[in-house]
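*Asks:* Shown below is the structure under consideration.
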Amino acid sequence: MKKHFIFLGTNGLIYYSWLFIILFMSIIFQQETSKNISLACIILGSIFIISLIYTLLFSYIECKNQTYFLKLPYLKKKRVFKPEFINRYLGLSFYKVNVANSNYFIVIVEKRSNA
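Residue numbering for the sequence shown follows this note's numbering, beginning at 18 and increasing consecutively.
So this is what it looks like as structure tokens:
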């Protein structure tokens, strides 16, 4: 079973900050140009969209036979211990994952059970 997630903490903050710098550069180039459509804006905007889709598709945790694997966009698939459940709020589940010498905090969107 593969669950996609958004990673939090310092690693997520740094990664998503760089992603949004690309978006803001695209907006700045559009605002500073005298043309209606700027080629630099289109290129940077498409790089942002491709990077965002890549990030969302290649950030997942996978469980095979009680063995957990973590995949991040900038790391190879790593074997991890069972994710530690922290809290659930409005359909969002927060977990802590330990990988070698670092911790990752992730949030997974899950359906609520009626039980």
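Note that beta-carbon positions come from the ideal geometry of N, C-alpha and C, so glycine has one too.
Predicted, not measured: the structure shown is a model, and the values here were computed from it.
#1: Which residue's Cα is closest to the Cα of L89: F75, S63, N82?
#2: Exposed or buried, what is L87 when buried is set at 16 or more other beta-carbons lying within 10 Å of its beta-carbon?
#3: Which value, in whole angstroms, describes the spacing of the CA atoms of F99 and V116?
#4: Below 8 Å between beta carbons: does that hold for S63 and I39?
#5: How many Å lie between E49 and S55 at the Cα?
*Replies:* The structure says:
#1: Looking up residue 89 in the sequence shown gives position 72. The residue among F75, S63, N82 with its C-alpha nearest the C-alpha of L89 is F75.
#2: Taking the first residue of the sequence shown as 1, we reach residue 87 at position 70. Using a 10 angstroms sphere on the CB of L87, the tally of other CB atoms reaches 16 or more, which defines it as buried.
#3: Looking up residue 99 in the sequence shown gives position 82. Looking up residue 116 in the sequence shown gives position 99. What sits at residue 99 in the sequence shown is Lys, not Phe. Roughly 10 Å between the two C-alpha positions.
#4: In the sequence shown, counting from the first residue as 1, residue 63 sits at position 46. In the sequence shown, counting from the first residue as 1, residue 39 sits at position 22. At least 8 Å separates the beta-carbon of S63 from that of I39.
#5: Here residue 49 corresponds to residue number 32 of the sequence shown, with the count starting at 1. Here residue 55 corresponds to residue number 38 of the sequence shown, with the count starting at 1. When the Cα atoms are used, E49 and S55 turn out to be separated by approximately 9 Å.
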